[in-house]
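Colleague: First, the structure itself, so that you have it in front of you.
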Amino acid sequence: MTGWQTLFYKEILRFWKVGFQTVGAPVLTAVLYMLIFGHVLQDQVKVYDQVSYTAFLVPGLVMMSVLQNAFANSSSSLIQSKIMGSLVFVLLTPLSHWHWFFAYVGSSIARGLLVGVGVFAVTVFFGQPGFVAPWWIVLFSVLGAAMLGALGVIAGLWSEKFDQMAAFQNFVIMPMTFLSGVFYSIHSLPPFWQKVSHLNPFFYMIDGFRYGFFGVSDVSPWLSLGIVLAALFIVSALAVNMLRTGYKIRH
Amino acid sequence: MPAISFQSVSKTYSSARNQTGPVVRALDDVSFDIQQGEFFGLLGPNGAGKTTLISILAGLSRASSGTVKVHGCDVVTDYADARRKLGVVPQELVFDPFFTVREALRIQSGYFGIKHNDAWIDELLASLGLADKANANMRQLSGGMKRRVLVAQALVHKPPVIVLDEPTAGVDVELRQTLWQFIAKLNRQGSTVLLTTHYLEEAEALCSRIAMLKQGRVVALAPTSELLEAASSNVLRFKIDSELPPQLASQARITGRIVQFPANSAHEIEQYLAAIRQAGLVAKDVEIRKADLEDVFLDVMAEKVVEEPVELNLTGVAI
């Protein structure tokens with residue numbers, strides 16, 4: 029393995045060793061969401077024609093888990109190793125900022141997809157979505173996980189304490205994922221909130237992802253792809269620049 | 112080509128978080144070279160800038176001005192090559208709690224692109240007394256064992272330059288001996304060693320050349336033997352149960368009951384003992400010993416920092 033591949037492998041090993049917490053727990057959370065929201069709202073919420081609410085909910089929950097766990101992977105690894113001081117082992121190596129970026133984001137994608145597959149495997153029993161356009165599913169899950177992995181790098185570098193990280197997670201990531209149409213189609217929102225939702229890049233990730241299952245979506249999947257790519261580019265550029273300058277890690 | 116070259120290295124930072132506080136000058140125009148194969152000591156009191164200098168060398172920190180090279184590779188512009196040549200044992204006792212000792216060492220090898228490093232890892236484990244801990248999780252190790260792993264991690268890629276930042280702080284005698292035997296062996300085999308320590312007897316025993324830092328400036332730079340020769344030749348040492356009179360205390364180095372005076376002649380020794388007697392005190396276990404590195408260190412640190420950094424004047428006693 030080359031240097032960056034080792035860092036990637038180390039990051040995979042790190043979450044795999046505590047898989048009960050990093051993979052098992054989010055899968056359980058998704059099942060609880062499905063049980064509560066799925067059953068309570070089954071007959072109350074109407075989304076697309078001929079799509080049951082539980083089937084509609086499955087891709088949303090999968091994507092939400094992919095995004096949250098991709099973010100959690102890079103951000104928690106960086107903040108933990110910064111606070112414990114073990115980041116020095118990576119800082120002392122010849123790895124470049126690009127190596128760091130690919131390793132941290134790559135492992136975030138891996139964890140996000142693993143959790144996503146796990147969530148899908150257990151929630152699919154509640155309502156089966158189709159697989160109308162599987163490549164869109166793969167594309168949006170990988171791009172979404174990459175963007176959240178890169179956002180996790182930014183949050184991990186920026187945070188100096190666990191409570192700052194928690195604030196980032198609770199006040200940025202959670203609202204953006206919950207208000208992205210995981211549990212509803214944004215067409216069911218009042219016009220003002222529909223407009224607000226259109227400003228949220230997470231909405232396009234979930235909408236494009238859901239298109240892959242049902243072949244219908246709130247906006248065109250091509251528009252979603254364009255916006256997700258643009259958001260990924262901006263977030264990645266910021267993360268790479270922070271790594272290049274050693275933001276808060278090289279003084 | 113020197114193993115390490117510091118050229119006019121300065122480091123300033125603002126003492127306040129918002130960069131509005133007064134500027135602190137952690138390093139001030141530090142320049143010296145360490146030749147390949149040297150065992151070099153970097154000494155100074157807390158806050159003198161030793162760790163800052165090592166951090167700049169290792170790429171953990173950036174100099175405000177000046178250049179640092181490792182085997183000719185600039186640590187900023189050619190950082191990858193510079194870091195391949197450098198093995199740094201950090202001062203803080205840090206570890207990654209997710210891995211076993213062997214995993215940590217394999218991963219560290221991998222960062223440097225080294226595959227199949229188990230033969231060298233086994234040698235490191237054996238040399239540092241860690242062989243039976245290879246499969247133990249890092250969390251289960253004692254502080255001393257964690258320190259050994261830190262040393263092993265710094266050496267996995269067989270760096271020609273080894274930097275040890277206070278490696279024996281708070282570790283037992285056995286580890287110190289194991290560590291120094293191993294590092295001395297690597298040094299005999301050609302590795303360059305840069306050591307910072309507060310244990311001056313270690314520096315005296317191990318280092319062939321020493322630099323002393325004070326308030327971010329080099330205040331002494333010379334071979335250890337010449338530093339010792341240039342110091343006060345003798346020290347009068349005795350124990351006393353009472354407090355010394357102030358005029359005597361100001362000239363003495365006092366450690367608990369042990370009192371030491373620099374003394375260059377029999378006349379001076381007689382004068383000190385007479386003063387003790389006149390004060391009605393009784394000196395016990397009186398001995399006269401050769402000055403050691405600690406005496407030199409205290410002499411140097413007692414000097415005021417002058418405007419220009421000075422090389423030790425080896426022709427005279429003054430430092």
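Chains as they are written, first to last, in the numbering used here: chain A, 29 to 279; chain B, 112 to 430. For glycine and all other residues, C-beta sits at the position ideal for the given N, C-alpha and C. Just so it is clear, the structure is predicted and the values come from calculations on it, not from any experiment.
Check the Cβ of B:Val205 against every Cβ in chain A and list those closer than 7 Å, keeping chain order.
Modeller: In the second sequence, counting from the first residue as 1, residue 205 of chain B sits at position 94. Those within 7 Å of B:Val205 in chain A are Met112, Gly113, Ser114, Val116.
Colleague: Compute the Euclidean distance between the alpha carbons of A:Gln156 and A:Trp164, then round it to the nearest angstrom.
Modeller: Here residue 156 of chain A corresponds to residue number 128 of the first sequence, with the count starting at 1. Here residue 164 of chain A corresponds to residue number 136 of the first sequence, with the count starting at 1. When rounded, the distance between both Cα atoms is 17 Å.
Colleague: Beta-carbon of B:Leu171 versus every beta-carbon of chain A: anything under 8 Å?
Modeller: Here residue 171 of chain B refers to the residue found at position 60 when the second sequence is read from its first residue. Interface residue, yes.
Colleague: Cβ closer than 7 Å: which chain B residues qualify as neighbours of A:Met29?
Modeller: Mapped onto the first sequence, residue 29 of chain A falls at position 1. Within 7 Å Cβ-Cβ: Gly221, Lys226.
Colleague: Report the neighbours of B:Val449 on chain A: residues whose CB is nearer than 7 Å to its CB, in chain order.
Modeller: Because chain B spans 112 through 430 in this model, residue 449 of chain B falls outside it and cannot be assessed.
Colleague: Quick one: residues in its chain with C-beta nearer than 6 Å to the C-beta of B:Val330, no 5 flanking neighbours on either side, listed in chain order?
Modeller: Here residue 330 of chain B corresponds to residue number 219 of the second sequence, with the count starting at 1. Same-chain partners within the cutoff: Met323, Val411.
Colleague: Taking DSSP as the reference, what is the three-state secondary structure of B:Ile435?
Modeller: This structure leaves residue 435 of chain B out entirely; chain B is present only between 112 and 430.
Colleague: On the criterion of 16 or more Cβ atoms from any shown chain inside 10 Å, does B:Leu138 qualify as buried, or is it exposed?
Modeller: Translated into the one-based positions of the second sequence, residue 138 of chain B becomes position 27. Buried: at least 16 other Cβ atoms inside 10 Å.
Colleague: Return the residue from the list B:Val179, B:Pro113, B:Met249, B:Ser175 that minimises the CA-CA distance to B:Val205.
Modeller: Taking the first residue of the second sequence as 1, we reach residue 205 of chain B at position 94. It is B:Met249.
Colleague: Over what stretch of residues does the alpha helix (DSSP H) that includes B:Ser166 continue unbroken?
Modeller: Looking up residue 166 of chain B in the second sequence gives position 55. Unbroken alpha helix (DSSP H) run through B:Ser166: 161 to 169.
Colleague: Tell me the rounded alpha-carbon separation between A:Gly254 and A:Met175.
Modeller: Taking the first residue of the first sequence as position 1, residue 254 of chain A is located at position 226. Taking the first residue of the first sequence as position 1, residue 175 of chain A is located at position 147. Each residue's alpha carbon lies about 13 Å from the other.
Colleague: Mind listing the chain B neighbours of A:Ser187? Cutoff is C-beta to C-beta under 9 Å, in chain order.
Modeller: Residue 187 of chain A sits at position 159 when you count from the first residue of the first sequence. What A:Ser187 touches in chain B: nothing, since even the nearest Cβ is about 15 Å away.
Colleague: Consider the C-beta atom of B:Arg388 and the heavy atoms of the ligand COA; say whether any pair is separated by less than 7 Å.
Modeller: Ligands displayed in this structure: none; no statement on the ligand COA is therefore possible.
Colleague: Using the three-state DSSP reduction, which class does A:Val133 fall into: helix, strand or coil?
Modeller: Translated into the one-based positions of the first sequence, residue 133 of chain A becomes position 105. A:Val133: helix per DSSP, three-state reduction.
Colleague: At 7 Å on the CB atoms, spell out the chain A contacts of B:Arg194, in chain order.
Modeller: In the second sequence, the residue the question calls residue 194 of chain B occupies position 83. Result: Leu120, Thr121, Pro122.
Colleague: Helix or strand or just coil, what does DSSP make of A:Met29?
Modeller: Translated into positions along the first sequence, residue 29 of chain A becomes position 1. Note: A:Met29 maps to coil in three-state DSSP.
Colleague: Closest to B:Leu239 by C-alpha separation, out of B:Asn228, B:Val262, B:Asn246, would be which residue?
Modeller: Sequence index remark: in the second sequence, residue 239 of chain B carries index 128 (1-based). Minimum Cα distance to B:Leu239 is reached at B:Val262.
Colleague: In chain order, what residues of the same chain have a beta carbon less than 7 Å from the beta carbon of A:Leu217, not counting five sequence neighbours either side?
Modeller: If you number the first sequence from 1, residue 217 of chain A lands on position 189. Correct list, in chain order: Ser225.
Colleague: Is A:Ala98 near A:Gly140, with beta carbons less than 8 Å apart?
Modeller: As a first step, residue 98 of chain A is located in the first sequence; it is residue number 70 there, counting from the start. As a first step, residue 140 of chain A is located in the first sequence; it is residue number 112 there, counting from the start. Cβ distance < 8 Å, so A:Ala98 and A:Gly140 count as in contact.
Colleague: Examine chain B for any beta-carbon lying closer than 8 Å to the beta-carbon of A:His279, and answer yes or no.
Modeller: Counted from its first residue, the first sequence places residue 279 of chain A at position 251. Yes, because at least one Cβ of chain B sits closer than 8 Å to the Cβ of A:His279.
Colleague: Anyone know if the C-beta pair for A:Val256 and A:Phe168 falls short of 8 Å?
Modeller: The count along the first sequence starts at 1 and reaches residue 256 of chain A at position 228. The count along the first sequence starts at 1 and reaches residue 168 of chain A at position 140. Cβ distance < 8 Å, so A:Val256 and A:Phe168 count as in contact.
Colleague: Might you give, ordered along the chain, the residues of its own chain that have their beta carbon closer than 6 Å to the beta carbon of B:Val200, omitting 5 neighbours on each side?
Modeller: Walking along the second sequence from the start, residue 200 of chain B turns up at place 89. Here the set comprises Leu261, Val262, Ala265, Leu275, Pro278.
Colleague: Counting only the same chain and skipping the five closest in sequence on each side, list residues whose C-beta sits under 6 Å from that of B:Glu419.
Modeller: Taking the second sequence and counting its residues from 1, one reaches residue 419 of chain B at position 308. Because B:Glu419 carries a pLDDT of 46, less than 50, the predicted location of this residue cannot be relied on, and no value is offered for it.
Colleague: State the start and end residues of the unbroken alpha helix (DSSP H) segment that holds A:Ser102.
Modeller: Here residue 102 of chain A refers to the residue found at position 74 of the first sequence. Run containing A:Ser102: 81 to 112, per the alpha helix (DSSP H) assignment.
Colleague: Which one or two residues does DSSP pair with B:Val328 in a beta bridge?
Modeller: Start at 1 with the first residue of the second sequence, and residue 328 of chain B comes out as number 217. The question names Val, but residue 328 of chain B in the sequence shown is Arg. BP columns for B:Arg328 point to B:Lys325.
Colleague: Just the chain A side, please: which residues come within less than 7 Å of B:Pro201 by C-beta, in chain order?
Modeller: Within the second sequence, the letter at position 90 stands for residue 201 of chain B. Annotation: Cβ neighbours of B:Pro201 in chain A (cutoff 7 Å, chain order): Val116.
Colleague: In chain B, which residues lie with their C-beta within 9 Å of the C-beta of A:Lys45?
Modeller: By one-based count along the first sequence, residue 45 of chain A stands at place 17. Per Cβ cutoff of 9 Å: Phe209, Phe210.
Colleague: Which residue marks the beginning of the alpha helix (DSSP H) containing A:Ser264, and which one marks its end?
Modeller: Position 236 of the first sequence, counting from 1, holds the residue named residue 264 of chain A. Its alpha helix (DSSP H) spans residues 249 to 273.
Colleague: According to DSSP, simplified to helix, strand and coil, what is A:Pro291?
Modeller: Nothing can be reported for residue 291 of chain A: it is not among the residues displayed for chain A, which extend from 29 to 279.
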